[in-house]
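Numbering (UniProt numbering), first residue to last: 1 to 272. Built from N, CA and C at the ideal position, the CB exists for glycine as well. In what follows, a structure is listed as structure tokens, so that the remarks can point back to it.
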């Protein structure tokens, strides 16, 4: 349990440096399976199904990003984790930013993985209403068929067909009520540029050169607006860099973890 919400969690349980992986919209903790193996030799890796996704509980008609951040906070309490790096992919980044706004003292670092602190544009808010209408109309399969491949750079789609198919299957299995609760919450999320810019928590932004959701123009504006953040560009990725270029993504996070968790000085020796 995370507070009063039942959630599914995976935890490697090894190490005193912890990274928490927060998946994106229409994903689950399963999306991190192979990527976790790249981090686990050096870090304790925790992942969870955010409420409304995977097999975690659905709590009402709207899941705000603040509610999801509160759930992550409660999960860390349950797991006995005092401080962690939060890695948020896409929607998971919005959750991590809300966590930063409310619980910065529990964060060793923030990684935005193909994500931004920007609020939804009016067009995007309308698009989310159209998605809700599709689901209410019994047409979720249209989302499952059209959504996943757009996340990958065009040159990677054939090579990564298996992952695209798995994401389609995940969408098909996600409960309608959970998807709609998330969509309503996404429409209401706040702009957190100022929160991010003025925070002393170390920050890393990882972006894909071929991202069709966060276009190069939007990404460049984000980088300019957040000069305090370290930035890594994945030259051959779209919106799914941890699948498209997993080793480069892992290397960036591992190097960032070394910055966030510096070596502790050795205790003085009792010997003369």
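With C-beta atoms as the reference, is residue i less than 8 Å away from residue j?
| i | j | result |
| --- | --- | --- |
| residue 242 | residue 99 | no |
| residue 195 | residue 134 | no |
| residue 151 | residue 91 | no |
| residue 204 | residue 256 | yes |
| residue 86 | residue 107 | yes |
| residue 110 | residue 232 | no |
| residue 29 | residue 47 | yes |
| residue 8 | residue 44 | no |
| residue 39 | residue 252 | no |
| residue 3 | residue 71 | yes |
| residue 234 | residue 209 | yes |
| residue 211 | residue 185 | no |
| residue 143 | residue 126 | no |
| residue 95 | residue 69 | yes |
| residue 113 | residue 89 | yes |
| residue 175 | residue 58 | yes |
| residue 11 | residue 79 | yes |
Could you please give me the residues that DSSP links to residue i through a beta bridge?
| i | result |
| --- | --- |
| residue 96 | None; residue 96 has no bridge partner. |
| residue 109 | 85 |
| residue 18 | 44 |
| residue 5 | 2 |
Where do the N-terminal and C-terminal ends of the beta strand (DSSP E) with residue i fall, by residue?
| i | result |
| --- | --- |
| residue 230 | 230-234 |
| residue 72 | Residue 72 -> not in any beta strand (DSSP E); alpha helix (DSSP H) instead, spanning 65-79. |
| residue 115 | Unbroken run through residue 115: none, as it is neither H nor E. |
Quick one: give me the first and last residue of the alpha helix (DSSP H) that residue i is part of.
| i | result |
| --- | --- |
| residue 11 | Premise fails: residue 11 lies in the beta strand (DSSP E), 9-11, not in any alpha helix (DSSP H). |
| residue 149 | 140-150 |
| residue 50 | Looking at the DSSP string, residue 50 is not in any alpha helix (DSSP H), and its letter there is neither H nor E. |
| residue 247 | 246-260 |
| residue 35 | 33-39 |
| residue 26 | Per DSSP, residue 26 belongs to no alpha helix (DSSP H) and is neither H nor E. |
| residue 135 | 122-136 |
Have a look at the options and flag the residue whose alpha-carbon is nearest the alpha-carbon of residue i.
| i | options | result |
| --- | --- | --- |
| residue 197 | 178, 225, 174 | 225 |
| residue 26 | 156, 112, 101, 166 | 166 |
| residue 254 | 55, 117, 19, 159 | 19 |
| residue 116 | 54, 227, 218 | 218 |
| residue 53 | 180, 228, 143, 81 | 180 |
| residue 105 | 145, 84, 146, 37 | 84 |
| residue 103 | 245, 214, 199 | 199 |
Starting from the N-terminal side, write out each stretch of the beta strand (DSSP E) that is 3 residues or longer and does not extend beyond the region 160-228. Counting only runs of 3 or more, we get 203-208.
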